[in-house]
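Novice: No gaps in the numbering here: position 510 of the sequence shown is 510 in the UniProt record's numbering, and each next residue is one more.
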Amino acid sequence: MAHEPAALPRLTAILCAACAAWGQGALPPLPPPVPDLGAPTPGELLPLRPLPVEEGREGSVRIRYWGRNVQESPTGWTLEDGAVESPDLLLLADRITYATATGEVVAEGHIRMEGPGLRLRCERLRMAWKEKVGEAWALDMELPPSWYLKSRKVTFNTLKHWDFDQVELSPCPQERPGWKAQVTRLTVDLDRYATLRNLWIWVGGVPTPYFLPWAVYPAKAERTSGLLPFSLSFSGPMGASVQVPYYQVLGDAADLTVTPEYFTRQGVLLGAEGRWNPLPTHQGSFTGQFIRQRTDDARRYQFSFKEVWQREDGWQLAADVNRASDQLLEADYGQGMARLGGTPFDSAFYVGRAFPWASFSLTASEQKTFFNTSDSPLFNPNFPSSLNRQVLPSLQVSVYPVPLAAFYLDGGLRTGRMTYKLDLAPENAAEIPNDTYAWRRDDAFVRFYGRLGQWGPLRADVETLGRYTRYSHSLGTSLFDVGNASSGNLALTASPFVVDAQAEDRLLGSARLLLSGPPFGRSWDRVSLLGYTGELKHVLSPYFAVTVNSRSATDARIPHFDDVDAQPGVAGSAAGERSLELGVKQHFLGRPGPTASFLDLVRWRVSAKYHMTPILLNDGRVLKGWATVDNDIDVEPSDRLRISFRRSSDIADSDADQSLSADYRAGDGTRFRLAYFSTGINRLLVKQKGIQLGGLKRLWGDTLRLEFQANYDFKNRQFAGSQVAIAHITPCVATSLRFSHIGLNIPGSVTKEDRLDLVLTLRGLGDLGKFTF
1 MAHEPAALPR LTAILCAACA AWGQGALPPL PPPVPDLGAP TPGELLPLRP
51 LPVEEGREGS VRIRYWGRNV QESPTGWTLE DGAVESPDLL LLADRITYAT
101 ATGEVVAEGH IRMEGPGLRL RCERLRMAWK EKVGEAWALD MELPPSWYLK
151 SRKVTFNTLK HWDFDQVELS PCPQERPGWK AQVTRLTVDL DRYATLRNLW
201 IWVGGVPTPY FLPWAVYPAK AERTSGLLPF SLSFSGPMGA SVQVPYYQVL
251 GDAADLTVTP EYFTRQGVLL GAEGRWNPLP THQGSFTGQF IRQRTDDARR
301 YQFSFKEVWQ REDGWQLAAD VNRASDQLLE ADYGQGMARL GGTPFDSAFY
351 VGRAFPWASF SLTASEQKTF FNTSDSPLFN PNFPSSLNRQ VLPSLQVSVY
401 PVPLAAFYLD GGLRTGRMTY KLDLAPENAA EIPNDTYAWR RDDAFVRFYG
451 RLGQWGPLRA DVETLGRYTR YSHSLGTSLF DVGNASSGNL ALTASPFVVD
501 AQAEDRLLGS ARLLLSGPPF GRSWDRVSLL GYTGELKHVL SPYFAVTVNS
551 RSATDARIPH FDDVDAQPGV AGSAAGERSL ELGVKQHFLG RPGPTASFLD
601 LVRWRVSAKY HMTPILLNDG RVLKGWATVD NDIDVEPSDR LRISFRRSSD
651 IADSDADQSL SADYRAGDGT RFRLAYFSTG INRLLVKQKG IQLGGLKRLW
701 GDTLRLEFQA NYDFKNRQFA GSQVAIAHIT PCVATSLRFS HIGLNIPGSV
751 TKEDRLDLVL TLRGLGDLGK FTF
């Protein structure tokens, strides 16, 4: 007799425990293993005690059977607490009878039948073993891809075609499922579809209004085209609604979902989502919505196109295209509030490749900006209500740094077409002759940088840059002249978007010398502070920098489209800048013990600039002398907590721009985010002060979730956009109550400012219903 492998007792113990959990009775013994160089059969892997095996060839099907009280006769055989096995099917039961003449197997008591893609349990079964045709009573069954079924009776043919009577169907494996569908008759073709008659959905022990006299559902484990479960909304600002999605398979790597939704007050909202993934490195998606509102005949839409493709030869392509008729379509017809911080208007396109010595890219982009008449510091009567900034397209070549002794040399070339598209009010049409202004910009630069020298603890670094930029059109007036200032602020006497004058060239030279002092500090062997315990080091590194940039006579007429125009010098310095910078870099390093490595827990930089000549800063001020004192602090005591603080304060008065953000994540998935912002110096920003809160708290083993997101405007003393949701989660049913507040300071919204949504979501089915108040 061959010896049983060492791993088999462990596997047997595991499977015995699993069978006990299933509530099965005592299982029949396993026959002694027969030496075989092939893989073990399913019967040999089941937890059965070794007993003799009887084998026979009934027709052309090889059958193995074993158990207790085996009785054989010319007409067949019977056994108790045993099993019957063929190469693709295994049957276990309390009692099994086989008739040789008909090839029929009759089984009774604690029946379990398993095969490829099949797991069935029942109390009585009769089937033709070779043809796999038969009947079963009082059965439990698993249906692919993730459904559990109970039925009074079923007839089957080849184990692919099933006809059930009095069915309970659910995706929940629990004895008492969170929800179930009661069906009087269910016909399943595992290669095609399932047909249901008299479908009634129950949640817990409560019946719902969802009743269908007839329905068809894909039964294949693979993706299959067909209707998806519908959803209902019984109230809301748009009226009651019903959505019936349709899913279409487009080959092995693409699909399309069409989601028409009918609103009783506004009509049909057409929606669609397409996805494709032809290669592991190539995927994309398209989503879109459109509605022609019944109340005001307005045509509203939004769509998004995304594409990512990374080829093996190094080429990369990425596209993110977004369009929308307005900002509030998602708020009106979606979940009650659009993505905070997101925008449906910005788009970008990139294609490029990195070579050993340089990189090449072709880009295009578009951003849309809205102007408010009274709050915008840049506003004047010639301003449009909104502005589109387009780059269509831009070609860029960047040369990687080339070592030259202790220095490095790199450079770049960029050429592109810039466009302003203005949304003009009728009263401004006479002041601004066109609504579109486009020009070509060619830009090239060479940069030389490296360590100039090291004298003991003192170190000197130098960075120089030469830049040439040509504009096919410029501004008609010297709008960005530092002499054109009022009370220290740039006075805009004309529109900065009218770029229709003659071509201009700009040649810029820029240099920066950085002197770094010796680092010094102190250390503490044992510190306990704010939950941290261990060794701590504080290191300070002072530095001093001098920046000198040339100034061109054409600087005031150059359109300020991006940083290439407004901050073309080294380290983001402005044209004509001559400044001195003083600063200190600080690091707090810590480790829990002498064997661990030091971690950078806190980084703190303090700096201030002195401008020796009048300069147009990037925040819209014209300044000579001391600028702001800047503080940048980053705190990361652990991988769960991060705190960032930024503050720029004016030396001459008490104005300051500041922001604070904190992120915290717990091991159970709980997270919290806080952001505070205040603007007082930057003249290109609307003066505002606000706070943003967001987070997710999981309670009682993740059965209850509290999620919140709030934006409070201190200036207007109101919440601009906020949302609070409470969800009760079970393995199969989720109930969520969500309150949303939307600031309606943007014209065109037809939704309520405050909204309450109650949503019931079922596993495997989606949103069963939504109530909006």
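Here a beta-carbon is modelled for each residue, glycine too, at the ideal position from N, C-alpha and C.
Out of ILE558, TRP214 and LEU465, which has the shortest C-alpha to C-alpha gap to ALA501?
Specialist: Of ILE558, TRP214 and LEU465, the residue nearest in Cα terms is ILE558.
Novice: Any contact between the stretch 445–453 and the stretch 402–414? By contact I mean 3 or more CB pairs, one from each, below 8 Å.
Specialist: They touch, by the three-pair rule.
Novice: Tell me the residue span of the beta strand (DSSP E) that contains GLU123.
Specialist: Element bounds for GLU123: 118–128.
Novice: Is the stretch 641–650 in contact with the stretch 620–632, if contact means three or more CB pairs nearer than 8 Å?
Specialist: Cβ pair count under 8 Å is three or more, so yes.
Novice: May I ask you to verify whether the stretch 133–149 touches the stretch 107–122, counting CB pairs closer than 8 Å and requiring at least 3?
Specialist: Contact between the stretch 133–149 and the stretch 107–122 is present, because at least three Cβ pairs lie under 8 Å.
Novice: Measure the Cβ-Cβ separation of SER528 and THR464 and say whether it is below 8 Å.
Specialist: No, these two residues do not count as a Cβ contact at 8 Å.
Novice: Can you look up ALA675 in the DSSP assignment and give me helix, strand or coil?
Specialist: DSSP places ALA675 in strand when its eight states are reduced to three.
Novice: Nearest to ASP88 by alpha carbon, out of GLY109, LYS132 and GLN71?
Specialist: Here the closest residue by C-alpha is LYS132.
Novice: If you compare alpha carbons, which of PHE773, ALA438 and ARG603 is closest to ALA503?
Specialist: The candidate whose alpha carbon is nearest that of ALA503 is ALA438.
Novice: Return the first residue and the last residue of the beta strand (DSSP E) that VAL564 is part of.
Specialist: It is not in any beta strand (DSSP E) - VAL564 instead sits in the alpha helix (DSSP H) that spans 563–566.
Novice: Looking at the unbroken beta strand (DSSP E) that takes in ALA331, where does it start and where does it end?
Specialist: Here ALA331 belongs to no beta strand (DSSP E); instead the alpha helix (DSSP H) covers 329–333.
Novice: Am I right that ALA675 and ILE651 are in contact with their C-beta atoms under 8 Å? What's the rounded C-beta distance?
Specialist: Going by Cβ atoms, the distance from ALA675 to ILE651 rounds to 26 Å, so no, they are not a contact pair.
Novice: Looking at the unbroken beta strand (DSSP E) that takes in GLU707, where does it start and where does it end?
Specialist: Element bounds for GLU707: 704–713.
Novice: Bridge partners of ASN388, per DSSP?
Specialist: According to DSSP, which records beta bridges pairwise, ASN388 is partnered with LYS368 and LYS421.
Novice: Once DSSP output is grouped into helix, strand and coil, what is the label at GLY521?
Specialist: Reduced to three states, the DSSP call for GLY521 is strand.
Novice: Any idea what DSSP makes of ALA571, helix, strand or coil?
Specialist: ALA571: helix per DSSP, three-state reduction.
Novice: Tell me the DSSP secondary structure of ARG647 in three-state form.
Specialist: Three-state result, ARG647: strand.
Novice: Relative to the C-alpha of ARG671, which candidate in ALA662, ALA101, SER678 and GLY534 has its C-alpha closest?
Specialist: If we check each option's Cα against that of ARG671, ALA662 comes out closest.
Novice: For THR287, which residues of its own chain have a beta-carbon under 6 Å away from its beta-carbon, when the five flanking residues on both sides are left out?
Specialist: Cβ neighbours of THR287 beyond the five flanking positions: GLU273 and SER304.
Novice: Measure the alpha-carbon distance for LEU475 versus GLY721 and round it to whole angstroms.
Specialist: One C-alpha to the other measures close to 39 Å.
Novice: VAL167 and LEU186 look like a contact to me (Cβ under 8 Å); what is the Cβ gap, rounded to whole Å?
Specialist: Indeed they touch by this definition, with Cβ atoms about 5 Å apart.
Novice: How is the beta strand (DSSP E) around ASP663 delimited, first residue to last?
Specialist: Here the beta strand (DSSP E) through ASP663 covers 656–665.
Novice: Taking DSSP as the reference, what is the three-state secondary structure of ASP313?
Specialist: DSSP places ASP313 in coil when its eight states are reduced to three.
Novice: Check ARG557 in the structure and name its three-state DSSP category.
Specialist: Helix, per DSSP.
Novice: Between VAL602 and ARG578, is the Cβ-Cβ spacing less than 8 Å?
Specialist: Taking 8 Å as the Cβ cut-off, VAL602 and ARG578 do not qualify as a contacting pair.
Novice: Got a sec, what are the start and stop residues for the beta strand (DSSP E) VAL268 sits in?
Specialist: First-last of the beta strand (DSSP E) with VAL268: 267–279.
Novice: Leaving out five residues before and five after ALA666 in sequence, what residues of the same chain have Cβ atoms less than 8 Å from its Cβ?
Specialist: Counting only Cβ-Cβ distances below 8 Å, and skipping sequence neighbours, we find ARG640.
Novice: Go ahead and label PRO278 buried or exposed: buried means 16 or more other beta carbons lie within 10 angstroms of its beta carbon, across all protein chains shown.
Specialist: PRO278 comes out exposed.
Novice: Give me the Cα-Cα distance between LEU756 and ALA725, rounded to the nearest whole angstrom.
Specialist: Taking the straight line from one Cα to the other gives about 10 Å.
Novice: Taking the C-alpha atoms as reference points, what is the distance between HIS741 and SER573?
Specialist: About 42 Å.
Novice: Counting only the same chain and skipping the five closest in sequence on each side, list residues whose C-beta sits under 7 Å from that of GLY748.
Specialist: Here the model assigns GLY748 a pLDDT of 45, short of 50, so the residue's position is not dependable, and the following value carries that caveat. Same-chain partners within the cutoff: ASP326 and LEU328.
Novice: Let me make sure I understand the geometry here. Which of THR195, THR155, VAL206 and THR184 has the alpha-carbon closest to that of GLY178?
Specialist: Per the Cα distances, VAL206.
Novice: Looking at C-alpha atoms only, which residue of ALA553, ARG591, LEU580 and ARG467 is the closest neighbour of TYR567?
Specialist: Going by the sequence as given, residue 567 is Gln instead of Tyr. Closest option to GLN567, Cα to Cα, is ARG467.
Novice: What distance in whole Å lies between the Cβ atoms of VAL268 and PRO260, which are believed to be in contact at a cut-off of 8 Å?
Specialist: Their Cβ separation, rounded to whole angstroms, is 6 Å, which keeps PRO260 and VAL268 in contact under 8 Å.
Novice: Between which two residues does the beta strand (DSSP E) holding HIS728 run?
Specialist: Here the beta strand (DSSP E) through HIS728 covers 721–729.
Novice: With 16 as the cutoff for other CB atoms within 10 Å, does LYS368 come out buried or exposed?
Specialist: So LYS368 counts as buried.
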